[in-house]
Amino acid sequence: AASEGDDFFGRLPDLNRATVPVNVEPVNVEPINVEPINVEPINVEPINVEPVNAERAEVSEAERAEVSEAEQLVANAMHAHFLQAKDTTLPGSMPEPALRKVMEWLEHIIGRTLRKSERHGSEQWDLPVSLRLDYVRSVWAWVAGVLYDRLDRARVLKLIEKSGKRPKGVSNQWFFAALLQKSVGSVANILPWVRMLNLPCDNWIFSNLKLYADNAAQHFSCLPASEAERACTASLFLHMLLETNRNPDRRASLRQMFQRPIEWINPVDIELTAFLYNRLGGGACDHLARVSRQFWGSPNTTCLSDPCFLGCVLGVIRCCTPYRLQQLCRPLNFQYNKDKKCPSTCTALEGPDFFGRLPGYNFPTTHSPAPGGFYSPDLAEGTFRGIISNKADELSTFIVPGG
Numbered sequence: 510a511a512s513e514g515d516d517f518f519g520r521l522p523d524l525n526r527a528t529v530p531v532n533v534e535p536v537n538v539e540p541i542n543v544e545p546i547n548v549e550p551i552n553v554e555p556i557n558v559e560p561v562n563a564e565r566a567e568v569s570e571a572e573r574a575e576v577s578e579a580e581q582l583v584a585n586a587m588h589a590h591f592l593q594a595k596d597t598t599l600p601g602s603m604p605e606p607a608l609r610k611v612m613e614w615l616e617h618i619i620g621r622t623l624r625k626s627e628r629h630g631s632e633q634w635d636l637p638v639s640l641r642l643d644y645v646r647s648v649w650a651w652v653a654g655v656l657y658d659r660l661d662r663a664r665v666l667k668l669i670e671k672s673g674k675r676p677k678g679v680s681n682q683w684f685f686a687a688l689l690q691k692s693v694g695s696v697a698n699i700l701p702w703v704r705m706l707n708l709p710c711d712n713w714i715f716s717n718l719k720l721y722a723d724n725a726a727q728h729f730s731c732l733p734a735s736e737a738e739r740a741c742t743a744s745l746f747l748h749m750l751l752e753t754n755r756n757p758d759r760r761a762s763l764r765q766m767f768q769r770p771i772e773w774i775n776p777v778d779i780e781l782t783a784f785l786y787n788r789l790g791g792g793a794c795d796h797l798a799r800v801s802r803q804f805w806g807s808p809n810t811t812c813l814s815d816p817c818f819l820g821c822v823l824g825v826i827r828c829c830t831p832y833r834l835q836q837l838c839r840p841l842n843f844q845y846n847k848d849k850k851c852p853s854t855c856t857a858l859e860g861p862d863f864f865g866r867l868p869g870y871n872f873p874t875t876h877s878p879a880p881g882g883f884y885s886p887d888l889a890e891g892t893f894r895g896i897i898s899n900k901a902d903e904l905s906t907f908i909v910p911g912g
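Each number in the working numbering corresponds to the 1-based position in the sequence shown with 509 added.
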């Protein structure tokens, strides 16, 4: 550095800069004495690895089989009672030029999404990350069913195959709906050709109603616009049933709870059940109640009418996964307040009209004499301790078993 000169080593000849030489004194570095460290050997004791409990492995396999059986039961019920209707609002025929334009547009929009996937190093969708298959919104389910039926089937199937990796247990129409949901994005993008095909268009297509894959994907073929609310509400309820049932500890606890007589029900669950019966129809709700009985029904619950049992199940869901119940109520504009505290009602007082909430019905009930009318939830404190893990205090405010 001292030899830089006034032109910075000759690199800056026009710069006349005075420099001050720097005297660098030598530094004496004293050697460091490093003493050797005595490292004692470590005694490693052998670890005794216990063999895998074959009995527990069998139990786990049995639990998986039970969950799979429940999913199949729910999927069959969803298909039989909520996805069989035909869409009578569709026009008998659609203009061929418009159908060709829609097909070309879909090939372009889905192909563009696939090319983006290829640029990221994948020739096909990286399922299930890129393509959401656990649910589809009602509008995409409706559109997919219509277009799959009316467009050139060979070109639609080719588009589906090009997208690749369709999982087992998912119908072509469901996969097609998931492709539309991923590729098209906004509902506003389909409005021009919805009108071009003379399809009935209403505000419902902007709703956030969903069909869930664990009960609808296997047999899905179409979703009529007139059945969207009923089918999507049923799908969410059945999805909540499966969610609650998947946890083995919770499943065992709930089964134990429903083995006892159910003597109390929360008024919040009564009001929601009556609302669902009036909104969706008695037939739809009766089907949901009967499916629920196959999960948790017992001889001690046969005295309950279908709406009363359904209300008890809604109470279980309200305590276990309250956010799911809010998802059920919000699209239906039901004012649900999860923090509302009110005295519970004796189930034996339900009568043939479900506590007077459903006067047009005549539900059969076989209750024993009522043990008493209303009670304070404080009296039920501790009744469920040891029955429902981590939920005793919450559940005791809506339903109290006798015995």
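For each residue, glycine too, the CB sits at the ideal point set by N, CA and C.
This one's a predicted model, so the numbers in the text were calculated from it and none came from an experiment.
Under 8 Å: does the beta carbon of residue i sit that close to some heavy atom of the ligand ZN?
| i | result |
| --- | --- |
| Ser807 | No copy of the ligand ZN occurs in the structure displayed, which carries no ligand at all. |
Anyone know if the C-beta pair for residue i and residue j falls short of 9 Å?
| i | j | result |
| --- | --- | --- |
| Tyr845 | Val777 | yes |
| Ala737 | Ala798 | no |
| Glu616 | Leu668 | yes |
| Ser735 | Ala594 | yes |
| Thr856 | Leu823 | no |
| Pro816 | Glu772 | no |
| Ser647 | Ala740 | yes |
| Cys794 | Thr810 | no |
| Tyr870 | Gly791 | yes |
| Leu841 | Arg802 | no |
Please return the same chain residues whose Cβ sits closer than 7 Å to the Cβ of residue i, not counting the five positions on each side in sequence.
| i | result |
| --- | --- |
| Phe746 | Leu797 and Leu837 |
| Trp634 | Caution is warranted here: a pLDDT of 46 is assigned to Trp634, below 50, making its placement in the model unreliable, and the coordinate value is therefore given only provisionally. Hits under 7 Å: Ser626, Leu640, Ser672, Gly673 and Lys674. |
| Gly654 | Gln682, Ser730, Cys731 and Leu732 |
Three-state secondary structure (DSSP) at residue i?
| i | result |
| --- | --- |
| Leu789 | helix |
| Val679 | coil |
| Cys817 | helix |
| Val645 | strand |
| Leu700 | helix |
| Leu720 | strand |
| Ile541 | coil |
| Cys794 | helix |
| Ser512 | coil |
Excluding sequence positions up to five away, which residues of its chain have a Cβ less than 6 Å from the Cβ of residue i?
| i | result |
| --- | --- |
| Gln768 | Ser807 |
| Gln727 | Ala584 and Gly678 |
| Phe843 | Phe784 |
Can you name, in chain order, every residue of its own chain whose Cβ lies under 8 Å from the Cβ of residue i, other than the five neighbours on each side?
| i | result |
| --- | --- |
| Val583 | Asp723, Asn724, Leu747, Leu750, Leu751 and Val800 |
| Pro522 | Asp516 |
| Leu700 | Cys710 |
| Arg664 | Met612 and Glu616 |
| Gly881 | With a pLDDT of only 41 at Gly881, under the threshold of 50, the placement of this residue in the model should not be trusted, and no figure is reported. |
| Glu580 | Asp723, Asn724 and Leu751 |
Taking residue i as part of the beta strand (DSSP E), name the residues at either end of that continuous run.
| i | result |
| --- | --- |
| Ser730 | It is not in any beta strand (DSSP E) - Ser730 carries neither H nor E in the DSSP assignment. |
| Ser853 | Ser853 to Cys855 |
Alpha helix (DSSP H) containing residue i: first to last residue?
| i | result |
| --- | --- |
| Cys741 | Ala737 to Arg755 |
| Cys838 | Pro831 to Cys838 |
| Ile714 | That residue, Ile714, is in no alpha helix (DSSP H); it is neither H nor E in DSSP. |
| Leu668 | Arg662 to Ser672 |
Three or more C-beta pairs below 8 Å linking the region 699-716 and the region 597-612: Under the Cβ criterion (8 Å, minimum of three pairs), the region 699-716 counts as touching the region 597-612.
Given 8 Å, three or more beta-carbon pairs between the region 672-690 and the region 650-659: yes
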